[in-house]
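Down below is the structure, laid out as structure tokens.
Numbering (the numbering used here), first residue to last: 19 to 396.
Written as structure tokens, this is what we have:
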């Protein structure tokens, strides 16, 4: 079978959505080497991460064969000409964009919805962005033959916001990279990563884009109150206006010298930061995927996360949960994990065992099952 993907975010290494796209496509490409997977994008790219993806024999990058307008090619019927040329049977709109126009009757449509956080957190979006996102997702859910939700939390939000039939939605959880398992016992690699990013000896880890959704204020306040004042907080996230505001908060709380910010981390080194940290804190208010939670657990890192979004369905009893606005609750959990080795051991064992089910193989197989359902063959 030949499957097409909307790859405009896949080729953009600066996009936050790029990681999931490449993880999904590579998982399917490696699991089904006899099928063909076409990544359609108006623009080419020389990004090294994309080169790795395209090294998979079944994955191919496709730019417009003929297109007066690249926008029209992606969003309207122009792309169907390429579908016909390549024999595409299913098109997967990874960014909730499905082409309109003639030709749909020959190609089944699937779309993925990762979150609807813009519905709750208006400050992170302009009114125009909110309107466009909502309209785009609504159209995609209506037009698609199958809809993939990255969690039950997202599925319920889709049903509530857009009235989509529950039977049309498949919940498919994301995965950890296979290489995480391979590198876990490579102590030299882990220590080299520690030196590469100049990491402190003892630290708590958080990953964020510093938006309102990320709820970093709660983490900052809790971090300032923990008993161990010799431990640092390592944050992975790019600088923006919101970060600068939080920097003032850190200075006010007298924790600015204990916060280490890393702009970005190579995907091969990410596991090392998890493994080296004493705990990973996810204070987010409406996470729809739980990617960081899964990756931390498979790396043997205790997870402390807000009791919101999809976190509880992902981590179950392997994590500690707190009310995202309750600072004292988070302080209690941090002190518990940092002081009690037995508690850390239990959480690590439970987390590793649970996370081992979120494999790239399962992600690929479940997604292929959705494609077959879209074609009426499952």
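Every residue, glycine too, gets a C-beta built ideally from N, C-alpha and C. Please read these numbers as outputs of a predicted model, since none were measured by experiment.
Asked: By the DSSP assignment, the beta strand (DSSP E) with residue 127 in it spans what residues?; Found: 126–131
Asked: Smallest Cα separation from residue 308: which of 170, 77, 58?; Found: 170
Asked: On the CB-based measure, 16 or more other CB atoms within 10 Å of its CB, does residue 185 come out buried or exposed?; Found: exposed
Asked: Rank 45, 57, 96 by C-alpha distance to the C-alpha of residue 383 and give the top, closest one.; Found: 45
Asked: Since residue 164 and residue 116 should fall inside the 8 Å C-beta cutoff, what is the C-beta to C-beta distance between them, to a whole number of angstroms?; Found: The pair is not a contact, with the Cβ atoms about 11 Å apart (cut-off 8 Å).
Asked: Is it true that the stretch 314–326 meets the stretch 242–260, where meeting means three or more beta-carbon pairs spaced less than 8 Å apart?; Found: no
Asked: Quick one: residues in its chain with C-beta nearer than 8 Å to the C-beta of residue 128, no 5 flanking neighbours on either side, listed in chain order?; Found: 108, 109, 110, 111, 162, 163, 164, 165, 166, 388, 389, 392
Asked: Residue 30 lies in the alpha helix (DSSP H); which residues open and close that run?; Found: Element bounds for residue 30: n/a, residue is neither H nor E.
Asked: Applying the 10 Å Cβ sphere with the 16-neighbour rule, what's the burial state of residue 374?; Found: exposed
Asked: Please confirm whether residue 296 and residue 222 have their CB atoms less than 8 Å apart.; Found: yes
Asked: So, helix, strand or coil for residue 5, using DSSP?; Found: An answer regarding residue 5 cannot be provided, because it is not within the stretch 19 to 396 covered by the chain.
Asked: Could you work out which residue in 276, 29, 366 is closest to residue 335 when comparing CA atoms only?; Found: 366
Asked: Which parts of the stretch 179–244 are runs of the alpha helix (DSSP H), unbroken and 4 residues or longer, counting only runs that do not cross its ends?; Found: 196–201, 205–214, 234–243
Asked: Is residue 305 buried or exposed, if buried means 16 or more other CB atoms sit within 10 Å of its CB?; Found: buried
Asked: Classify residue 213: buried if its beta carbon has 16 or more other beta carbons within 10 angstroms, exposed otherwise.; Found: exposed
Asked: Rounded to whole angstroms, what is the Cα-Cα separation between residue 403 and residue 113?; Found: The shown model of the chain, from 19 to 396, leaves out residue 403, and the question about it has no answer.
Asked: Are the CB atoms of residue 56 and residue 80 within a distance shorter than 8 Å?; Found: yes
Asked: How big is the Cα-Cα spacing for residue 228 and residue 264?; Found: 8 Å
Asked: Buried or exposed for residue 118, please, with buried defined as at least 16 other CB atoms from any protein chain shown within 10 angstroms of its CB.; Found: exposed
Asked: For residue 154, which residues of its own chain have a beta-carbon under 6 Å away from its beta-carbon, when the five flanking residues on both sides are left out?; Found: 114
Asked: Comparing C-alpha positions only, which one of 197, 183, 133, 206 sits nearest to residue 172?; Found: 133
Asked: According to DSSP, is residue 177 part of a helix, a strand, or is it coil?; Found: helix
Asked: According to DSSP, is residue 361 helix, strand or coil?; Found: helix
Asked: Do residue 325 and residue 340 have their CB atoms nearer than 8 Å?; Found: yes
Asked: Residue 385 by DSSP, collapsed to three states: which one?; Found: helix
Asked: May I ask you to list the residues that DSSP assigns as paired with residue 23?; Found: 57, 110
Asked: Based on Cα-Cα distance, which residue from 174, 69, 316 lies nearest to residue 327?; Found: 174
Asked: Residue range of the beta strand (DSSP E) that residue 118 falls in?; Found: Residue 118 -> no beta strand (DSSP E), and no H or E assigned at all.
Asked: Along the beta strand (DSSP E) that carries residue 78, what are the first and last residues, could you check?; Found: 77–80
Asked: CB residue 242 to CB residue 280, shorter than 8 Å?; Found: no
Asked: Is residue 294 helix, strand or coil by DSSP?; Found: helix
Asked: Under 8 Å Cβ to Cβ from residue 338, same chain only, skipping five residues before and after it: list those, please.; Found: 320, 321, 322, 323, 351, 354, 355, 365
Asked: Going by DSSP, what residue range makes up the beta strand (DSSP E) through residue 319?; Found: Looking at the DSSP string, residue 319 is not in any beta strand (DSSP E), and its letter there is neither H nor E.
Asked: Flag this pair as yes or no: are the beta carbons of residue 289 and residue 201 separated by less than 8 Å?; Found: yes
Asked: What are the boundary residues of the beta strand (DSSP E) that residue 277 is part of?; Found: 277–280
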